[in-house]
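Trainee: Residue numbers are given in numbering that gives the first Met the number 0: position 243 of the sequence shown equals residue 242, and the series is strictly consecutive.
Idealized CB from N, CA, C, for every residue including glycine.
Since this is a predicted model, take the numbers as computed values, not measurements.
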Amino acid sequence: MTTRTQSTPFSVTQHSVRSWNFGAGPAALPVEVLEQIKEDLPVYKNSGASILEIGHRTAHYDELQARVEKLLRDLLDIPQTHAVLLLAGGARMQFVMAPMNLLIEGRPAEVVHTDVWTKMALQDIEKIGSGRVVASSSQDNFSYIPVMGPGTFSGDASYVHICANNTIYGTQYRSFPDTGAVPLVADMTSEILSRRIPAGRFGLFFASAQKNMGAAGVTLAVLRRDLLDRSPVRLPAMLSYKEHAQADSRLNTPPAFAVYVMGLMLRWVRDQGGVAKFERESQMKSIMLYDLIERSGFYTSPVHQKDRSTQNVIFHIRGGDENLEKRFVQESEAAGFIGLQGHRSAGGLRASIYNAVSLTTVGELAEFMSAFAKKNA
Ligand code: PMP
0 MTTRTQSTPF
10 SVTQHSVRSW
20 NFGAGPAALP
30 VEVLEQIKED
40 LPVYKNSGAS
50 ILEIGHRTAH
60 YDELQARVEK
70 LLRDLLDIPQ
80 THAVLLLAGG
90 ARMQFVMAPM
100 NLLIEGRPAE
110 VVHTDVWTKM
120 ALQDIEKIGS
130 GRVVASSSQD
140 NFSYIPVMGP
150 GTFSGDASYV
160 HICANNTIYG
170 TQYRSFPDTG
180 AVPLVADMTS
190 EILSRRIPAG
200 RFGLFFASAQ
210 KNMGAAGVTL
220 AVLRRDLLDR
230 SPVRLPAMLS
240 YKEHAQADSR
250 LNTPPAFAVY
260 VMGLMLRWVR
270 DQGGVAKFER
280 ESQMKSIMLY
290 DLIERSGFYT
300 SPVHQKDRST
310 QNVIFHIRGG
320 DENLEKRFVQ
330 ESEAAGFIGL
340 QGHRSAGGLR
350 ASIYNAVSLT
360 TVGELAEFMS
370 AFAKKNA
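1. Return the CA-CA distance between aspartate 123 and lysine 373, expressed in angstroms with no decimal places.
2. According to the neighbour-count rule (16 or more other Cβ atoms, all chains shown, within 10 Å of its Cβ), is glycine 213 buried or exposed?
3. Taking the alpha carbon of arginine 279 as the point to measure from, which residue in Arg349, Gly89, Asn354 has its own alpha carbon closest?
4. Can you check whether the CB of arginine 200 is closer than 7 Å to the CB of threonine 80?
5. Indicate the three-state DSSP secondary structure (helix, strand or coil) for valine 298 in the structure shown.
6. With a threshold of 6 Å, establish whether the CB of threonine 188 neighbours any heavy atom of the ligand PMP.
7. Can you tell me where the beta strand (DSSP E) holding tryptophan 313 begins and where it ends?
8. Can you tell me whether alanine 257 sits near the ligand PMP, meaning its C-beta is under 6 Å from at least one heavy atom of the ligand?
9. Please list, in chain order, all residues of the same chain as valine 258 whose beta carbon is under 7 Å from its beta carbon, the five residues on each side excluded.
10. How far does the alpha helix (DSSP H) with valine 361 in it extend, from its first residue to its last?
11. For asparagine 20 and glycine 169, what's the separation of their Cα atoms in angstroms?
12. Quick one: using the 10 Å Cβ neighbour count with 16 as the cut-off for buried, is methionine 283 buried or exposed?
13. Once DSSP output is grouped into helix, strand and coil, what is the label at serine 331?
14. Smallest Cα separation from isoleucine 191: which of Gly347, Ser49, Gln310, Ser142?
15. Can the beta-carbon of glycine 202 be found closer than 7 Å to that of valine 221?
16. Where glutamine 5 and isoleucine 161 are concerned, what is the direct C-alpha to C-alpha distance, given to the nearest angstrom?
17. Please tell me whether serine 18 and glycine 335 are closer than 7 Å, where the distance is taken between their beta carbons.
18. With DSSP as the reference, please indicate the residues paired to arginine 349 in a beta bridge.
19. What span of residues does the beta strand (DSSP E) with arginine 223 cover, start to end?
20. Between Ala108, Thr359, Pro145, Leu323, which lies nearest to aspartate 155 when the distance is taken from Cα to Cα?
21. Between the region 84-101 and the region 287-303, do at least 3 Cβ pairs fall closer than 8 Å?
22. Taking a contact to mean a Cβ-Cβ separation below 7 Å, would you say serine 157 touches proline 145 in this structure?
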């Protein structure tokens, strides 16, 4: 496998060359992790079979899952007051499980509406019980995070739902709202492990793995243990946080391969210097692109400066010149960059710069963007 670096020329006819991947998810993985998967594939440790083929009640799987949980607790500073659950069904399944487990009769869930993902979460909440939007940026095309104060939340909601980083519109909370005694539920799918978080402050946070934690198939849900008592007894087992917690996330066959890849990703994050290192790097990478956008007189950012995401950098060309944006995508692909097309519901361009996208790779993109701007000014 060849990885393109500044000094590695490449040929577009050479299919085994890896592109610079700025996709929003499933997203780039570190080459070291991919190489390790290749090495481990025929035989996992001394189990006599690959990780795809061994049972989830074996000592090997026990060890793997325990190691993954320990790495998660260490890296994210998750206290013992919180249960770590490894679930299937993606982050969207959490839009369903959260209300099914956490809603209390007569007390709605309150939602801060900032993206397509909070809209979906609200729709699912309303199918199960009642939901209420308490702050929203929808009237301004989701270009900012609403300002929240003591009056934003009623104080008697079942929980408050937010999306920490808005993958499609490129906004991100700088700090998390204070919801007092009401549990805060955060969708961290597109920012997990990119910055330090006050893990103990959340009632629940969740993230599917395919952006910063590996392969699609497993979703992390971290839930305050006392909230497990809210799971209704009549809930089918597979939808109940309480039953998943009691069964150590093994009510049925877990997505073992995805859990294994998550383990490799977590080890890689730890060995690189942990979440604090990626927090610094996320700042540097995003500032590099936002500065270029601001200075260019060619690219524009639709996002209010104070709320710009360090993970998904959304930009337009001259406020939304679709022909030039199309050309940008074509020429960037020819130059070895993939995944820069904006989401279908937001348009424009998007560079997703998760942990596996290095500072050097972002530098390559910045160079391409500068050259493209000069050529088309
Ligand atoms: N929430 C956010 C913030 C996302 O970015 C995504 C996927 N892009 C989802 C939820 C849905 O994740 P999944 O496909 O794992 O259900």
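Mentor: In terms of the structure at hand:
1. Position 124 of the sequence shown, counted from the start, is the residue given in the question as residue 123. Position 374 of the sequence shown, counted from the start, is the residue given in the question as residue 373. Cα to Cα, aspartate 123 sits roughly 46 Å from lysine 373.
2. For the purposes of this step, residue 213 is taken as residue 214 along the sequence shown, with counting starting at 1. By the neighbour-count rule (16 or more Cβ atoms within 10 Å), glycine 213 is buried.
3. Taking the first residue of the sequence shown as position 1, residue 279 is located at position 280. Looking at the Cα atoms, Asn354 is the closest of the given residues.
4. Residue mapping note: residue 80 aligns to position 81 of the sequence shown, counting from 1. Residue mapping note: residue 200 aligns to position 201 of the sequence shown, counting from 1. Not closer than 7 Å, so no.
5. Counting from one through the sequence shown, the residue named residue 298 turns up at place 299. Here residue 298 turns out to be tyrosine, not valine, going by the sequence shown. Strand.
6. If you number the sequence shown from 1, residue 188 lands on position 189. Answer for threonine 188: yes, Cβ within range of the ligand PMP.
7. Taking the sequence shown and counting its residues from 1, the one referred to as residue 313 is at position 314. Reading the sequence as shown, one finds isoleucine at residue 313 and not tryptophan. Isoleucine 313 -> beta strand (DSSP E) spans 311-316.
8. To locate residue 257, count along the sequence shown from 1; it is residue 258. It does not: the Cβ of alanine 257 is nowhere closer than 6 Å to a heavy atom of the ligand PMP.
9. Mapped onto the sequence shown, residue 258 falls at position 259. Closer than 7 Å at the Cβ level, and outside the excluded window around valine 258, lie Leu63, Gln64, Val67, Leu85, Val217.
10. Within the sequence shown, residue 361 is the residue found at index 362, counting from 1. It spans 358-375 - the alpha helix (DSSP H) in which valine 361 sits, taken as one unbroken run.
11. Position 21 of the sequence shown, counted from the start, is the residue given in the question as residue 20. Position 170 of the sequence shown, counted from the start, is the residue given in the question as residue 169. So the alpha carbons of these two residues sit roughly 18 Å apart.
12. As a first step, residue 283 must be located in the sequence shown, where it is residue number 284. Exposed is the call here.
13. By 1-based counting over the sequence shown, the position of residue 331 is 332. In the structure shown, serine 331 falls within a helical segment according to DSSP collapsed to helix, strand and coil.
14. Residue 191 sits at position 192 when you count from the first residue of the sequence shown. For the residues Gly347, Ser49, Gln310, Ser142, the minimum Cα distance to isoleucine 191 belongs to Gln310.
15. As a position in the sequence shown, residue 202 is number 203, starting the count at 1. As a position in the sequence shown, residue 221 is number 222, starting the count at 1. Cβ atoms of glycine 202 and valine 221: not closer than 7 Å.
16. Your numbering for residue 5 matches position 6 in the sequence shown. Your numbering for residue 161 matches position 162 in the sequence shown. Residue placement at glutamine 5 is poorly supported in this model, since its pLDDT is 42, which falls under 50; the coordinates still yield a value, given next. Those two C-alpha atoms are separated by around 39 Å.
17. By one-based count along the sequence shown, residue 18 stands at place 19. By one-based count along the sequence shown, residue 335 stands at place 336. Taking 7 Å as the Cβ cut-off, serine 18 and glycine 335 qualify as a contacting pair.
18. Along the sequence shown, read from residue 1 onward, the residue named residue 349 stands at position 350. Answer is Ile313, bridged to arginine 349.
19. Position 224 of the sequence shown, counted from the first residue, corresponds to residue 223. It spans 218-223 - the beta strand (DSSP E) in which arginine 223 sits, taken as one unbroken run.
20. Within the sequence shown, residue 155 is the residue found at index 156, counting from 1. Nearest of Ala108, Thr359, Pro145, Leu323 to aspartate 155, Cα basis: Ala108.
21. no
22. Looking up residue 157 in the sequence shown gives position 158. Looking up residue 145 in the sequence shown gives position 146. No.
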